[in-house]
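Q: Pasting a structure below so you can have a look.
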Amino acid sequence: MTFDPSIFTDHLGDIGSGFLVTLGTWSSGVVLGLALGMLIAVAQVFGNRFVRAPLRVFIELIRSTPFLVQLFLVYYGGPSFGISLDPIPAGILGLGVYGSVYFAEIFRTGFESVARGQLEAADCLGITRLQCIWRIQVPQMLVMILPALVNMVTVLCKETAVLSIITIPELTMVLTGIGSETFAFVETLLMLCIGYLILVELCSRLGMLLETRVGRFMSRQPR
Amino acid sequence: MFDWPLLQQNAPLLLGALWVTLQVSIAALVFGFVIGIVVGSLRLSPIPLLRRLGGAYIFVFRGIPLLVQLLFIYYFLPRVGLPNVSPTVAAIIGLSLAAGAYIAEIMRGGFLAIPGGQLEAAGLLGMSDAQMLMRIRVPQAVRLTLPALVNEMILLIKASSLVSVVGLADLTRTAQNLAASDYMFVQDYLMLAGFYCLINVPLAYAASLLERSLKERTA
Amino acid sequence: MSLDSVFRRTFNRLSIAAALALLPLAVLPSSAHADQLADVKKAGELVVGTEMQFAPFDFLEAGKQKGLNAELFEALGQEMGVKIKFLDLPWPSVLPGLEAKKFDVVAGPIIVTKARKERYHFVSPIAEATVALLAGAKDDSISKPEDIAGKTVGAGKGSAQLEELKAFAATLPQKVTIREYVDNNQAYADLAAKRIVAVANSLPNISFVAAQKSNLYKVVQPPFGKKSYFAYLGRKDADADSLIAALDAALTKMHDDGRLAALQKKWLGAEMDVPKGDFEPTW
Numbered sequence: 001m002t003f004d005p006s007i008f009t010d011h012l013g014d015i016g017s018g019f020l021v022t023l024g025t026w027s028s029g030v031v032l033g034l035a036l037g038m039l040i041a042v043a044q045v046f047g048n049r050f051v052r053a054p055l056r057v058f059i060e061l062i063r064s065t066p067f068l069v070q071l072f073l074v075y076y077g078g079p080s081f082g083i084s085l086d087p088i089p090a091g092i093l094g095l096g097v098y099g100s101v102y103f104a105e106i107f108r109t110g111f112e113s114v115a116r117g118q119l120e121a122a123d124c125l126g127i128t129r130l131q132c133i134w135r136i137q138v139p140q141m142l143v144m145i146l147p148a149l150v151n152m153v154t155v156l157c158k159e160t161a162v163l164s165i166i167t168i169p170e171l172t173m174v175l176t177g178i179g180s181e182t183f184a185f186v187e188t189l190l191m192l193c194i195g196y197l198i199l200v201e202l203c204s205r206l207g208m209l210l211e212t213r214v215g216r217f218m219s220r221q222p223r
Numbered sequence: 001m002f003d004w005p006l007l008q009q010n011a012p013l014l015l016g017a018l019w020v021t022l023q024v025s026i027a028a029l030v031f032g033f034v035i036g037i038v039v040g041s042l043r044l045s046p047i048p049l050l051r052r053l054g055g056a057y058i059f060v061f062r063g064i065p066l067l068v069q070l071l072f073i074y075y076f077l078p079r080v081g082l083p084n085v086s087p088t089v090a091a092i093i094g095l096s097l098a099a100g101a102y103i104a105e106i107m108r109g110g111f112l113a114i115p116g117g118q119l120e121a122a123g124l125l126g127m128s129d130a131q132m133l134m135r136i137r138v139p140q141a142v143r144l145t146l147p148a149l150v151n152e153m154i155l156l157i158k159a160s161s162l163v164s165v166v167g168l169a170d171l172t173r174t175a176q177n178l179a180a181s182d183y184m185f186v187q188d189y190l191m192l193a194g195f196y197c198l199i200n201v202p203l204a205y206a207a208s209l210l211e212r213s214l215k216e217r218t219a
Numbered sequence: 001m002s003l004d005s006v007f008r009r010t011f012n013r014l015s016i017a018a019a020l021a022l023l024p025l026a027v028l029p030s031s032a033h034a035d036q037l038a039d040v041k042k043a044g045e046l047v048v049g050t051e052m053q054f055a056p057f058d059f060l061e062a063g064k065q066k067g068l069n070a071e072l073f074e075a076l077g078q079e080m081g082v083k084i085k086f087l088d089l090p091w092p093s094v095l096p097g098l099e100a101k102k103f104d105v106v107a108g109p110i111i112v113t114k115a116r117k118e119r120y121h122f123v124s125p126i127a128e129a130t131v132a133l134l135a136g137a138k139d140d141s142i143s144k145p146e147d148i149a150g151k152t153v154g155a156g157k158g159s160a161q162l163e164e165l166k167a168f169a170a171t172l173p174q175k176v177t178i179r180e181y182v183d184n185n186q187a188y189a190d191l192a193a194k195r196i197v198a199v200a201n202s203l204p205n206i207s208f209v210a211a212q213k214s215n216l217y218k219v220v221q222p223p224f225g226k227k228s229y230f231a232y233l234g235r236k237d238a239d240a241d242s243l244i245a246a247l248d249a250a251l252t253k254m255h256d257d258g259r260l261a262a263l264q265k266k267w268l269g270a271e272m273d274v275p276k277g278d279f280e281p282t283w
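Going down the list, the sequences are from chains V, U and C.
In this text, residue positions in the first sequence follow UniProt numbering: the first is 1, and each later residue adds one.
In this text, residue positions in the second sequence follow UniProt numbering: the first is 1, and each later residue adds one.
In this text, residue positions in the third sequence follow UniProt numbering: the first is 1, and each later residue adds one.
Listed below in structure tokens is the structure:
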């Protein structure tokens with residue numbers, strides 16, 4: 001294998017924009033997933049049976065099917081139901097929904113791990129349910145679930161590679177495209193591997209950094 | 001909107017493809033389990049170099065999207081002297097290597113949960129390291145991590161939806177091919193999703209049952 | 001742990017991983033084969049890589065392979081005395097698969113271009129492949145190729161048809177947004193969903209689609225692409241020459257006795273005038 005750097009230097013603009021598309025869809029998907037996931041978790045923990053049962057079905061369906069298939073259904077199936085989304089909104093929606101059920105499960109474990117006595121005490125003090133969630137439960141559980149959240153965020157980063165099938169010009173799309181144009185298949189794939197490793201590793205390292213910071217912050221609080 | 005005769009015609013074809021998907025997923029779980037035990041043990045080795053090696057393996061195979069890994073392995077095998085492996089074997093190699101990284105982390109957790117006293121006792125009884133691994137650590141770690149391993153199987157079945165890039169006509173590829181010729185995209189993809197649920201929903205249920213019984217036993 | 005050390009550690013690990021990945025590349029030479037034709041004959045089987053979503057050349061009907069490729073290769077196999085085994089891959093995987101020696105030849109067929117001719121060894125062409133546009137049947141705003149200016153058009157990822165579309169789009173006064181699809185059928189689906197106004201593909205392909213679903217699609221005349229041809233191909237390595245020569249000989253025979261023309265008529269709707277043997281592609 002002769003490594004010809006001009007394969008990449010000739011396409012720097014495309015690679016850069018592909019990288020940005022990956023970053024953009026990833027971060028938007030994560031934000032959407034976290035928000036939806038929190039909603040689902042709150043509804044599951046505090047909602048009644050009629051809220052919980054359909055949510056359970058939804059979670060199982062999303063967790064049981066490949067992201068690829070969900071993406072196909074949202075993008076190519078959507079128009080049959082009158083929902084014709086452009087590739088990038090469809091991709092972000094797909095990524096967010098896929099992530100949300102996993103985030104919800106993480107949040108739910110977090111909620112359940114906060115000691116029951118604290119909630120009873122809060123109730124006695126006349127703190128409302130919503131206040132209780134935001135002021136007491138969320139801060140405590142965040143410390144505990146941060147590693148699991150970071151892990152899921154990196155999983156979503158890798159799932160963005162699948163977005164190429166609905167024509168989103170993200171990193172995988174751009175680099176494999178350069179591969180077929182220049183026939184430098186192995187070189188472009190190697191580049192792809194390195195690109196994702198950088199993203200995933202940076203994300204998990206930043207997560208660790210955040211963990212130590214949050215941990216330090218929490219332990220400084222008077223109890 | 002639904003075409004019943006077409007559904008009846010496509011269902012057996014998808015069922016056959018589901019079997020392909022299951023075969024590679026099960027094989028990958030088995031080989032991934034072996035890799036996982038080795039790499040998981042490396043991660044807990046007292047020798048720093050071995051620990052790093054295990055860490056590097058997990059870093060690489062968890063850090064790269066499976067789609068990219070499969071393509072890489074597929075184009076790469078001929079360069080390491082394996083030009084003629086069938087698509088099935090290529091898919092199993094690709095999935096196993098990735099599964100190995102995840103199972104390694106699961107097993108590491110399982111190994112750590114075993115009380116140290118047991119291993120000391122076994123050492124006093126004259127067991128070798130290999131015997132300890134096979135007779136004490138692995139069986140207990142498996143019992144402790146069974147729910148996680150069942151979940152890993154679900155992840156593998158889903159991940160196998162990407163193996164068509166190495167030429168294997170799995171469930172997803174078959175549904176795509178059918179949709180391409182009958183133009184019934186929504187129906188075919190909904191059927192595809194249904195077939196995945198057929199396997200994965202019971203598995204998820206089994207995982208949660210296992211988890212509950214494990215909690216009761218340890219509580 | 002500071003942000004600085006986060007970056008340092010990331011790159012430390014990365015360099016270890018990259019070194020591990022490059023190791024086999026550096027030490028192992030690619031294995032040398034003597035003669036591919038002899039290997040194929042010995043195995044009694046010619047393995048053909050293709051994409052099963054490329055009607056009318058390759059497609060599935062009730063789960064069975066149909067189309068020109070199946071019948072043409074059947075005949076070529078008989079001439080050479082070997083069985084044919086087809087391997088179905090998503091299009092972007094097909095050419096890399098050939099280079100990775102996953103199969104002997106590629107069916108496709110694919111457009112012969114100058115760049116590809118330098119990289120691969122083509123068999124004589126089997127059909128005309130000039131690129132044209134497929135548009136919505138009731139879309140009056142697209143009546144000639146130039147009408148796509150300022151609109152969104154799809155084409156197959158990693159295809160010569162895509163390259164030709166890009167070249168054509170560059171000549172138009174307004175920017176054309178181009179979407180790249182892993183297979184053409186998804187592009188057809190998006191055309192039906194009106195996300196795109198047209199799909200660029202070779203005339204035989206889109207004529208087939210338009211004939212199948214005339215309520216949805218129409219072919220925009222004239223083709224915007226330069227005259228080009230579809231052919232099967234193999235590797236350029238010296239050991240592959242014998243195999244391509246044998247396929248060429250068999251194809252020439254089918255040319256001469258009219259079997260190729262009959263297949264063209266059956267699957268592509270008309271006989272096509274294609275060059276016999278080697279020729280110089282226009283682009």
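Glycine included, C-beta positions come from ideal geometry on N, C-alpha and C.
All figures in this text were calculated on a predicted structure; none of them were measured in a lab.
Taking a cut of 8 Å between CB atoms, which residues from the stretch 180-196 of chain U lie near chain C?
A: The residues in question are Ala180, Ser181, Tyr183, Phe185.
Q: Does the CB of V:Gln118 have a neighbour CB from chain C at under 9 Å?
A: Not an interface residue.
Q: Taking only beta-carbon atoms, is V:Pro147 less than 9 Å away from chain C?
A: Not closer than 9 Å to any Cβ of chain C, the Cβ of V:Pro147 fails to qualify, so no.
Q: Select from the stretch 5-19 of chain U all residues with a C-beta closer than 9 Å to any C-beta belonging to chain C, and list them in chain order.
A: Against chain C - using a Cβ distance shorter than 9 Å - the residues of the stretch 5-19 of chain U are Gln9, Asn10, Pro12, Leu13, Gly16.
Q: What residues from chain C crowd round U:Asn151, counting only those whose CB sits closer than 8 Å?
A: None at all; the shortest Cβ gap to chain C is about 27 Å.
Q: Whole angstroms are fine: how far does the CA of U:Gly55 sit from the CA of C:Ser93?
A: Distance between the alpha carbons of C:Ser93 and U:Gly55: 31 Å.
Q: Out of U:Ala204, U:Ala98, U:Met127, U:Pro12, which one is the CA nearest neighbour of U:Phe61?
A: Nearest option by C-alpha distance: U:Ala98.
Q: Mind listing which residues of the stretch 185-196 of chain V have their C-beta closer than 7 Å to chain U's C-betas, in chain order?
A: Of all residues in the stretch 185-196 of chain V, Phe185, Val186, Leu189, Leu192, Cys193, Tyr196 have a Cβ within less than 7 Å of some Cβ in chain U.
Q: Between the C-alpha atoms of U:Met107 and V:Leu175, what's the straight-line distance to the nearest angstrom?
A: Each residue's alpha carbon lies about 35 Å from the other.
Q: Kindly indicate which residue of U:Gly117, U:Val85, U:Pro115, U:Gly110 has the alpha-carbon position closest to the one of C:Lys102.
A: For C:Lys102, the nearest C-alpha among the options comes from U:Val85.
Q: For C:Gln65, report the span of its beta strand (DSSP E) as first-last.
A: Start and end: 64-66.
Q: Which of helix, strand or coil does DSSP assign to C:Thr177?
A: C:Thr177: strand per DSSP, three-state reduction.
Q: Which residues does DSSP pair with U:Asn177 in a beta bridge?
A: None; U:Asn177 has no bridge partner.
Q: Could you check whether C:Gly156 and C:Trp91 sit closer than 9 Å to each other, using their CB atoms as the reference points?
A: Cβ atoms of C:Trp91 and C:Gly156: closer than 9 Å.
Q: Spatial neighbours of V:Gln140 within its chain, please: C-beta separation below 7 Å, excluding the five flanking residues on both sides.
A: Val114, listed in sequence order.
Q: Give the DSSP bridge partners of C:Gly49, in chain order.
A: DSSP, once it has assigned bridges, lists C:Leu87, C:Val106 as partnering C:Gly49.
Q: Could you round the C-beta distance between V:Phe103 and V:Gly37 to whole angstroms and report it? I think they count as a contact, below 8 Å.
A: So it is a contact: roughly 3 Å between Cβ atoms.
Q: By DSSP, does V:His11 sit in helix, in strand, or in coil?
A: Looking at V:His11 - three-state DSSP - the assignment turns out to be coil, as it is neither helix nor strand.
Q: Please state whether DSSP places C:Ser202 in a helix, a strand or coil.
A: Strand at C:Ser202.
Q: Using a Cβ-Cβ distance under 9 Å, would V:Pro89 count as near chain C?
A: It does not; no Cβ of chain C falls within 9 Å.
Q: With a CB to CB cut of under 6 Å and the five nearest residues on each side skipped, what residues in its chain are close to C:Lys144?
A: Counting only Cβ-Cβ distances below 6 Å, and skipping sequence neighbours, we find nothing.
Q: Say the cut is 8 Å; is the CB of C:Lys194 nearer than that to a heavy atom of the ligand ATP?
A: The ligand ATP is not part of this structure, which contains no ligands at all.
Q: Got a sec? Which residues, its chain only, sit under 6 Å from U:Gly36 by beta carbon, not counting five neighbours each side?
A: So the qualifying residues of the chain are Gly100, Ile103, Ala104, Met107.
Q: U:Thr172 CB to nearest chain V CB: under 9 Å?
A: Yes, U:Thr172 lies at the interface with chain V (some Cβ there is under 9 Å from its Cβ).
Q: Over the uninterrupted alpha helix (DSSP H) stretch that includes C:Lys117, give me the two end residues.
A: Run containing C:Lys117: 114-119, per the alpha helix (DSSP H) assignment.
Q: Against C:Tyr217, what residues of chain V qualify as contacts under a CB-to-CB distance less than 9 Å, listed in chain order?
A: By Cβ distance, chain V contributes nothing, its closest Cβ being about 15 Å from C:Tyr217, past 9 Å.
Q: May I ask which residues mark the beginning and end of the alpha helix (DSSP H) holding U:Thr88?
A: Run containing U:Thr88: 87-112, per the alpha helix (DSSP H) assignment.
Q: Within this structure, are the beta carbons of C:Ala132 and C:Ser202 separated by less than 9 Å?
A: Result yes, Cβ atoms of C:Ala132 and C:Ser202 sit closer than 9 Å.
Q: Listed from N- to C-terminal order along the chain, which residues in the stretch 56-89 of chain U have their beta-carbon within a distance smaller than 9 Å of any beta-carbon of chain B?
A: The chain labelled as chain B is not found among the protein chains of the depicted structure, namely V, U and C.
Q: Is there a Cβ of chain U sitting closer than 9 Å to that of C:Leu28, yes or no?
A: Note on C:Leu28: pLDDT 47, under 50, position unreliable in the model; the coordinate value appears next. C:Leu28 counts as touching chain U.
Q: Given this structure, state the Cα-to-Cα distance separating V:Leu68 from C:Lys276, to the nearest angstrom.
A: The alpha-carbon atoms of V:Leu68 and C:Lys276 are separated by roughly 43 Å.
Q: Mark C:Arg8 as exposed unless 16 or more other C-beta atoms lie within 10 angstroms of its C-beta, in which case mark it buried.
A: C:Arg8 is exposed by the Cβ-count criterion.
Q: Relative to the C-alpha of C:Ala187, which residue among C:Gly49, C:Pro222, C:Lys42, C:Gln53 is closest?
A: It is C:Gln53.
Q: Leaving aside the five residues before and after C:Ile84 along the sequence, list all residues of the same chain whose C-beta is less than 7 Å from its C-beta, in chain order.
A: Around C:Ile84: Leu46, Val48, Phe73, Glu74, Gly77.
Q: How about C:Gln78: is its C-beta nearer than 9 Å to some C-beta of chain V?
A: No, its Cβ sits nowhere closer than 9 Å to a Cβ of chain V.
Q: Start and end of the beta strand (DSSP E) containing C:Gly156?
A: Looking at the DSSP string, the run of the beta strand (DSSP E) that includes C:Gly156 is 152-156.
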